[in-house]
Amino acid sequence: MPNITTDNPRLPQRLRRGFTLIEMMIVVAVIGILAALAIPAYQQYIIKTQISRGFWEAANYKTAVEERIHNGVFAFPDPVGTLGYVRSTLTATADTFAFNADGSGAIVVLLDGEVHPLVRGARITVGRLTNGGWTCAVRGDGLTSMVLPSGCTLES
Numbered sequence: 061m062p063n064i065t066t067d068n069p070r071l072p073q074r075l076r077r078g079f080t081l082i083e084m085m086i087v088v089a090v091i092g093i094l095a096a097l098a099i100p101a102y103q104q105y106i107i108k109t110q111i112s113r114g115f116w117e118a119a120n121y122k123t124a125v126e127e128r129i130h131n132g133v134f135a136f137p138d139p140v141g142t143l144g145y146v147r148s149t150l151t152a153t154a155d156t157f158a159f160n161a162d163g164s165g166a167i168v169v170l171l172d173g174e175v176h177p178l179v180r181g182a183r184i185t186v187g188r189l190t191n192g193g194w195t196c197a198v199r200g201d202g203l204t205s206m207v208l209p210s211g212c213t214l215e216s
């Protein structure tokens, strides 16, 4: 019985030639399919990350707001001076800090800076209730509840 690896004179030549065209085309097709699946998922992660980042950057000021409300100060004419506010790269315009004498109010973040096109124009509202509780609401075209931070609701 002949041994295929030693008796086939063409085998060593084939091994030296490298990959065939069809093998390369199959590899390119597999990479294309993987990329087609991965890119939309990656974009969803970017959207979720930017919305979460906007929320947490606004929520970061809750302690300073609570302290001022506890001291009877409800106006924030200069958030930089009064709260140590630092504008994020996610926002081109300054965030809004508005609170009433009963303690209710909101920190509103408009994501109009360096953000994904599907996030541009989204508005995150971190609201304070009169009982001291906090809420979160997100409004934006084309956003779904899948991209919201936990505890946030989607406004239409």
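In this note's numbering, the protein residues as written are 61 to 216. The C-beta atom is built at its ideal place from N, Cα and C for all residues, glycine as well.
Does chain D have any CB closer than 8 Å to the CB of residue i?
| i | result |
| --- | --- |
| residue 179 | The structure shown contains no chain D; it holds only a single protein chain. |
Among residues of its own chain, excluding the 5 on either side of residue i, which ones have a beta-carbon nearer than 6 Å to its beta-carbon?
| i | result |
| --- | --- |
| residue 159 | 134 and 165 |
| residue 209 | 112 and 115 |
| residue 137 | none |
| residue 200 | 182 |
Compute the Euclidean distance between the alpha carbons of residue i and residue j, then round it to the nearest angstrom.
| i | j | result |
| --- | --- | --- |
| residue 181 | residue 148 | 15 Å |
| residue 168 | residue 96 | 36 Å |
| residue 177 | residue 142 | 32 Å |
| residue 89 | residue 163 | 59 Å |
| residue 145 | residue 99 | 35 Å |
| residue 94 | residue 106 | 18 Å |
| residue 229 | residue 195 | Outside the displayed range of the chain (61 to 216) lies residue 229, so it cannot be described from this structure. |
| residue 122 | residue 102 | 31 Å |
| residue 124 | residue 216 | 30 Å |
| residue 86 | residue 78 | 15 Å |
| residue 139 | residue 154 | 9 Å |
| residue 117 | residue 131 | 23 Å |
| residue 84 | residue 92 | 12 Å |
Out of the options, point me to the one whose CA is closest to residue i's CA.
| i | options | result |
| --- | --- | --- |
| residue 114 | 191, 156 and 162 | 156 |
| residue 119 | 213, 205, 204 and 185 | 185 |
| residue 193 | 129, 204 and 80 | 129 |
| residue 104 | 202, 212 and 211 | 202 |
Contact check, residue i vs residue j under 8 Å by CB: the rounded distance?
| i | j | result |
| --- | --- | --- |
| residue 175 | residue 108 | Incorrect: roughly 12 Å between the Cβ atoms, too far for contact. |
| residue 172 | residue 190 | No, residue 172 and residue 190 are not in contact; Cβ-Cβ is about 30 Å, not under 8 Å. |
| residue 188 | residue 170 | With a Cβ gap of about 18 Å, residue 188 and residue 170 do not count as contacting. |
| residue 289 | residue 198 | This structure gives no information on residue 289, because the portion of the chain shown stretches from 61 to 216. |
Going by beta carbon distance, what residues of the same chain come within less than 7 Å of residue i, once the five residues before and after it are set aside?
| i | result |
| --- | --- |
| residue 205 | 214 |
| residue 161 | 134 |
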